[in-house]
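Going by the numbering used here, the sequence shown opens with residue 328, and the numbers climb by one from there. The C-beta atom is built at its ideal place from N, Cα and C for all residues, glycine as well. Bear in mind that the values here come from a model prediction, so they are computed numbers and not experimental data. Below is one structure, written out as structure tokens; comments come after it.
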Amino acid sequence: MGASWVENAEIDVKIGLECHAQLLTKSKLFCSCSTDYHDAEPNTHVCPTCLGLPGALPVINERAIRYGIKVALALGCTVQPQIIFYRKNYYYPDLPRGFQITQYEFPIAFNGLVRVESNGEKEGVIRIKRVHMEEDPGRLVYRGTIDTAPYSLVDYNRSGIPLVEIVTEPDLKSPKEARIFLGKLRSILEYLGVFEGDLEGAMRVDANISVGGGERAEVKNISSYKGVEKALSFEITRQKNLVRRDLTVRQETRHYDEVRGVTLSLRTKEFEHDYRYFPEPDLVPILISNRIEEIKQEIPELPDEKRARFLAQYALTGEHANALTFDLQIADFYEAVAAKIDPKLSATWIADVLKGELNYRSISMREASKRISPDDFVAILGYLKKGVITERGATEILREMLDHGGKPEAIITSKGLASIASAEIEKAIDMVIKENEAAVQDYQAGKMEALHFLVGQVMKHTRGRSDPKEVRTMLEEKLKA
Ligand SMILES: [Zn+2]
328 MGASWVENAE IDVKIGLECH AQLLTKSKLF CSCSTDYHDA EPNTHVCPTC
378 LGLPGALPVI NERAIRYGIK VALALGCTVQ PQIIFYRKNY YYPDLPRGFQ
428 ITQYEFPIAF NGLVRVESNG EKEGVIRIKR VHMEEDPGRL VYRGTIDTAP
478 YSLVDYNRSG IPLVEIVTEP DLKSPKEARI FLGKLRSILE YLGVFEGDLE
528 GAMRVDANIS VGGGERAEVK NISSYKGVEK ALSFEITRQK NLVRRDLTVR
578 QETRHYDEVR GVTLSLRTKE FEHDYRYFPE PDLVPILISN RIEEIKQEIP
628 ELPDEKRARF LAQYALTGEH ANALTFDLQI ADFYEAVAAK IDPKLSATWI
678 ADVLKGELNY RSISMREASK RISPDDFVAI LGYLKKGVIT ERGATEILRE
728 MLDHGGKPEA IITSKGLASI ASAEIEKAID MVIKENEAAV QDYQAGKMEA
778 LHFLVGQVMK HTRGRSDPKE VRTMLEEKLK A
């Protein structure tokens with residue numbers, strides 16, 4: 328058997344994800360404590376209910392349930408007529424009650440799907456097995472890493488935050504596809520206005536991985552989007568190596584060590600019966616069938632629909648349509664700009680240039696829009712179209728606005744970015760021709776690189792205030808003369 332594995336380098340990989348997303352309600356799932364805990368001192372947003380003190384009773388947060396139903400509908404799931412909360416019994420210091428209130432046999436919904444497309448590659452369909460709601464446990468803070476920390480601290484501010492758990496079928500075939508899926512899921516949840524992916528810990532993922540039809544190992548609690556791809560890559564390599572050496576992959580739960588980029592065995596996998604699920608006696612079953620139609624009306628245009636509309640309405644390339652619809656803030660910014668100026672030019676400058684500048688600075692469109700408005704952007708593109716500034720000048724204005732604020736007109740003046748007149752370009756060309764005889768001869772001998780070099784020299788002399796295409800044309804005319 329070993330030999331056949333060696334021959335067959337492509338071992339079948341199956342990945343299923345359980346994605347826990349924090350819902351953006353104002354209060355927790357079963358009490359009125361504030362969910363705004365990210366900058367709060369530890370254990371300041373707590374009450375007897377979310378601390379799990381004896382006798383404290385849960386009261387359901389209606390908005391959280393509405394948000395959960397929205398998510399299920401947006402993922403194309405079949406929403407169930409009623410939901411029932413269950414107790415999942417286990418002990419862990421982040422869960423002082425000794426059980427987590429979650430859903431089991433009667434979750435919000437079953438059977439949805441998410442389409443994923445990776446840069447023009449074939450579209451994949453990831454089936455969603457179920458969507459249910461549960462409470463977030465508290466947060467353990469380790470000094471150092473989980474296996475070396477001398478002690479850990481616990482913060483219950485997070486305890487009771489509403490989570491929606493989205494469970495996929497094992498349809499994902501690679502770590503990259505898993506990353507793309509998570510990006511898409513994030514995008515859908517943000518479109519719904521029920522989630523903010525930038526918040527620390529907003530999305531946490533458990534991943535089930537099996538190779539070659541063997542046992543699955545579960546990697547728990549991966550807390551960053553990049554972490555998911557890395558943890559999966561490590562785990563797949565680990566399992567493939569076991570298989571190649573004819574060793575068995577054990578069914579177990581593993582922890583992902585983000586710092587070292589490895590997965591470590593935590594415990595052998597529990598089975599469902601270990602949790603002794605039973606209905607939560609302090610909450611009644613909740614009928615939701617009478618709400619579904621009303622909530623359907625609140626579902627906005629979702630990423631796939633917006634992408635299709637952008638393709639048709641603005642005649643964009645598929646790549647631009649993807650880039651502009653991934654993030655709702657960027658999509659809205661684009662539409663505000665495209666309403667006032669050339670939609671194709673706007674697409675290029677937002678999808679290619681602005682997004683690049685945002686990535687470079689690791690800032691979101693939400694943050695950037697405090698410094699640059701759609702009208703500013705329209706003004707920059709207007710100056711560019713009229714030839715008042717060059718492409719390089721336009722990029723420089725963008726950078727200046729993102730870094731220091733200011734208005735396009737003022738920056739053109741203060742940085743001297745206005746394009747220069749042809750006469751001045753001509754002077755620069757004459758100078759460059761005189762200074763670079765060797766390159767001129769090379770060009771006349773048919774070497775095109777020499778022309779690129781000469782254009783570069785003219786650009787340098789005019790400090791980017793000339794348009795390279797115009798320089799090239801003028802230069803060629805001179806050199807032919
Ligand atoms: Zn509370």
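Burial state of residue i (16 or more Cβ within 10 Å)
i: M758; result: exposed
i: H731; result: exposed
i: V653; result: It should be pointed out that residue 653 corresponds to Phe in this sequence rather than to Val. Under this definition F653 is a buried residue.
i: M786; result: buried
i: K810; result: Residue 810 cannot be examined here, being either before or after the span of the chain that is shown, 328 to 808.
i: A766; result: buried
i: A348; result: buried
i: M328; result: Because M328 carries a pLDDT of 41, less than 50, the predicted location of this residue cannot be relied on, and the following value inherits that uncertainty. Classification for M328: exposed.
i: A635; result: exposed
i: D768; result: What sits at residue 768 in the sequence shown is Gln, not Asp. Exposed: under 16 other Cβ atoms inside 10 Å.
i: F357; result: buried
i: M692; result: buried
i: N335; result: Because N335 carries a pLDDT of 47, less than 50, the predicted location of this residue cannot be relied on, and the following value inherits that uncertainty. When all chains shown are included, N335 counts as exposed.
i: Q624; result: exposed
i: K415; result: buried
i: E804; result: exposed
i: G554; result: buried
i: T352; result: buried
i: H600; result: exposed
Contact under 8 Å by Cβ, residue i with residue j
i: R792; j: I747; result: yes
i: Q656; j: S696; result: yes
i: I342; j: L559; result: yes
i: K667; j: V705; result: yes
i: L512; j: V406; result: no
i: I473; j: D584; result: yes
i: D533; j: R466; result: no
i: R618; j: I453; result: no
i: G720; j: L681; result: no
i: T789; j: A755; result: yes
i: Y710; j: I739; result: yes
i: T495; j: E461; result: no
i: R393; j: I622; result: yes
i: P434; j: L610; result: no
i: L480; j: V468; result: yes
i: P369; j: N548; result: no
i: G487; j: C346; result: no
i: Y413; j: P606; result: yes
i: V443; j: V398; result: no
i: G382; j: R424; result: no
i: A663; j: P701; result: yes
i: G439; j: L402; result: yes
Residues near residue i by beta carbon distance below 8 Å, same chain, minus five either side
i: I563; result: V340, P502, I536 and V538
i: I338; result: W332, V538, G539, K567 and V570
i: A750; result: none
i: A529; result: A348, Q349, F522 and E523
i: E831; result: With the chain covering only 328 through 808, there is no way to say anything about residue 831.
i: E727; result: G733, I738 and K742
7 Å CB neighbourhood of residue i in its chain, flanking five on each side removed
i: A639; result: none
i: Y518; result: P627, L629, P630 and L655
i: Q784; result: V759 and N763
i: V586; result: T472
i: M801; result: I752, E753 and I756
i: P477; result: R470
i: H365; result: L526 and E527
i: P633; result: The sequence shown places Lys at residue 633, not Pro. Hits under 7 Å: T652 and A658.
i: E556; result: P502, K503, A505 and R506
i: E684; result: L725, R726 and L729
8 Å Cβ cutoff, residue i in contact with chain B
i: V705; result: Considering every chain present, this structure includes no chain B. It has just one protein chain.
Contacting residues, own chain, Cβ-Cβ under 6 Å from residue i (five flanking each side not counted)
i: V546; result: A534, A558, E562, R581, Y583 and T590
i: P612; result: Q409 and I411
i: G541; result: V576
i: Y661; result: L651 and I677
i: Y552; result: L509
i: S361; result: H372
i: I699; result: M728
### Every unbroken beta strand (DSSP E) inside the stretch 725 to 793 [3 residues or more]
none
#### Entry: Continuous alpha helix (DSSP H) assignments of at least 4 residues falling wholly in the stretch 535 to 616
552 to 571
### Message
Restricting to runs no shorter than 3 residues, where is the beta strand (DSSP E) found entirely within the stretch 365 to 426?
### Response
412 to 416
### Whole runs of the beta strand (DSSP E) within the stretch 482 to 521, excluding any shorter than 3 residues
489 to 495
#### Entry: Every unbroken alpha helix (DSSP H) inside the stretch 623 to 663 [4 residues or more]
Runs found: 630 to 641 and 645 to 652.
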